[in-house]
Amino acid sequence: MKKILTILGCVILFAATSCTKQYVSPATTNQTVYANLATTDWTLYTDNGGNKSYQAPINVSLISNNFAQYGGIIVAISYDGGTTYEQLPETYAGIAYSYTYNAGNVTLYAQSSDGTTAVQPTLPIKVKIILVDSN
């Protein structure tokens, strides 16, 4: 009985001392950029396939070529001055919103929810652009 208790005690002691703790510090390089879009900021856009939408480019100098390649972007819009945000892609009031980004730029697109017609937003929009850094 003593041998079993001794062996069991050694196993527990070995298991408890072999664990290592890792502390992962959260990244602090994420940034948020805000922009305000007026109804006049939207221009008609036709892609290579002939599909039409309205687009609104937003200059974001924090997006470098390296960030565009390895980082990530989250875009949300607000129709109430920033009290409530809707993350894109989103359909709101019959308008389907989406976005693309590249170095120095985020472009928002608006079209009908069925994708057949370009629809220009009729209200000012507050845009939140979250830059998520990655390794």
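Sequence positions in the sequence shown follow mature numbering (1 follows the signal peptide of the UniProt record, and there is no 0) and run -20 to -1, 1 to 115.
Quick reminder that beta carbons are idealized off the backbone N, C-alpha and C, glycines included.
- Sequence-distant residues of its chain with Cβ nearer than 8 angstroms to Asn10 (five each side left out): Ile110, Leu111, Val112, Asp113
- Cβ neighbours of Ala15 in the same chain (closer than 6 angstroms, five flanking residues each side left out): Ile38, Val107
- Query: Based on the DSSP secondary-structure assignment, which residues constitute the bridge partners of Leu24?
  - Reply: The partner list for Leu24 (beta bridge, DSSP) reads Tyr34.
- Task: Might you give, ordered along the chain, the residues of its own chain that have their beta carbon closer than 6 angstroms to the beta carbon of Leu103, omitting 5 neighbours on each side?
- Result: Tyr59
- Message: Need the endpoints of the alpha helix (DSSP H) that Gln49 sits in, please.
- Response: 45 to 50
- Cut-off 8 angstroms between Cβ atoms - residues of its own chain near Thr80, not counting five sequence neighbours on either side: Excluding sequence neighbours, Thr80 sits near Val86, Thr87, Tyr89.
- Task: Return the CA-CA distance between Asn51 and Ser44, expressed in angstroms with no decimal places.
- Result: Looking at the sequence provided, one finds Gly at residue 51 rather than Asn. Rounded to the nearest angstrom, the two C-alpha atoms are 10 angstroms apart.
- Query: Since Leu111 sits in a beta bridge, which residues does DSSP pair it with?
  - Reply: Gln11, Ile53
- Buried or exposed: Leu42, going by 16 or more other Cβ atoms within 10 Å of its Cβ? Exposed: under 16 other Cβ atoms inside 10 Å.
- Query: What do you reckon, are the CB atoms on Ile105 and Leu24 nearer than 8 angstroms?
  - Reply: no
- Message: Would Ser93 and Gly62 qualify as a contact pair, given that the criterion is a beta-carbon distance under 8 angstroms?
- Response: Result no, Cβ atoms of Ser93 and Gly62 do not sit closer than 8 angstroms.
- Item | Whether Tyr65 touches Ile54 by CB criterion (8 angstroms) | In this structure, Tyr65 sits away from Ile54, with a CB-CB distance that is not shorter than 8 angstroms.
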